[in-house]
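Here's the structure we're looking at; comments come further down.
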């Protein structure tokens, strides 16, 4: 699904398989055997680094059902459970900024192009951390 959406649908030829999947926690949203959406979580590299949520994707056949909300809620909960002292970071498509802000993420960079798509870096502080 990730290649279908990120490479084919978004017409963005890049190496989607980046070698990070082996060490990532993968979240899958399933209905029976059908994959509706997915996300991955990368652990902090250093103790003070953020965990990272990435590769958030919803099947084109199931968009408009707020499944992205479900994926993000689950991803944030997993980060909070696994890395309670670390902030959570992500690189968002710029047009989804408000979506991620609704989960408490704030922009920490200017907009930049990644693989020809405008992105923005965002961070969410954990509840155990001072803002």
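In our numbering, the protein residues as written are -3 to 127. C-beta: ideal position from N, C-alpha, C; glycine also. What you are looking at is a predicted structure, and each value in this text was computed from that prediction instead of being measured.
For residue i, which residues in the same chain have their Cβ closer than 8 Å to its Cβ, ignoring the five residues on either side in sequence?
i: residue 23; result: 34, 35, 36, 37, 67, 70, 71 and 74
i: residue -2; result: Note that residue -2 scores a pLDDT of 49, beneath 50, so its modelled location is shaky and nothing firm can be said.
i: residue 127; result: With a pLDDT of 49 at residue 127, under the threshold of 50, the modelled position of that residue is not reliable, and the figure given next carries that caveat. So the list reads 121, once near-sequence residues are dropped.
i: residue 102; result: 118, 119 and 120
i: residue 45; result: 82
i: residue 19; result: 38 and 39
Measuring CA to CA, which of the options is closest to residue i?
i: residue 115; options: 99, 122 and 86; result: 86
i: residue 60; options: 44, 32 and 104; result: 32
i: residue 91; options: 27, 28, 77 and 118; result: 118
i: residue 41; options: 82, 95 and 94; result: 82
i: residue 49; options: 84, 106 and 103; result: 84
i: residue 63; options: 107, 20, 110 and 26; result: 26
Who are residue i's beta bridge partners in DSSP?
i: residue 35; result: 23
i: residue 30; result: 27
i: residue 48; result: 38 and 85
i: residue 115; result: 89 and 108
Return the chain-ordered list of same chain residues with a C-beta closer than 6 Å to the C-beta of residue i, the five sequence neighbours on each side being excluded.
i: residue 58; result: 32
i: residue 96; result: 88 and 118
i: residue 29; result: none
i: residue 21; result: 37
i: residue 107; result: 90, 114 and 116
Within this structure, are the beta carbons of residue i and residue j separated by less than 8 Å?
i: residue 99; j: residue 120; result: yes
i: residue 79; j: residue 47; result: yes
Can you give me the Cβ contacts of residue i inside the same chain, cut-off strictly under 7 Å, excluding the 5 residues immediately before and after it?
i: residue 16; result: 38
With 8 Å as the threshold, decide whether the Cβ of residue i is near any Cβ in chain B.
i: residue 104; result: Protein chain content of the structure displayed is limited to a single chain, and chain B is not contained in it.
Start-end ranges of the alpha helix (DSSP H) lying completely within the stretch 68 to 111, minimum 4 residues:
93 to 97
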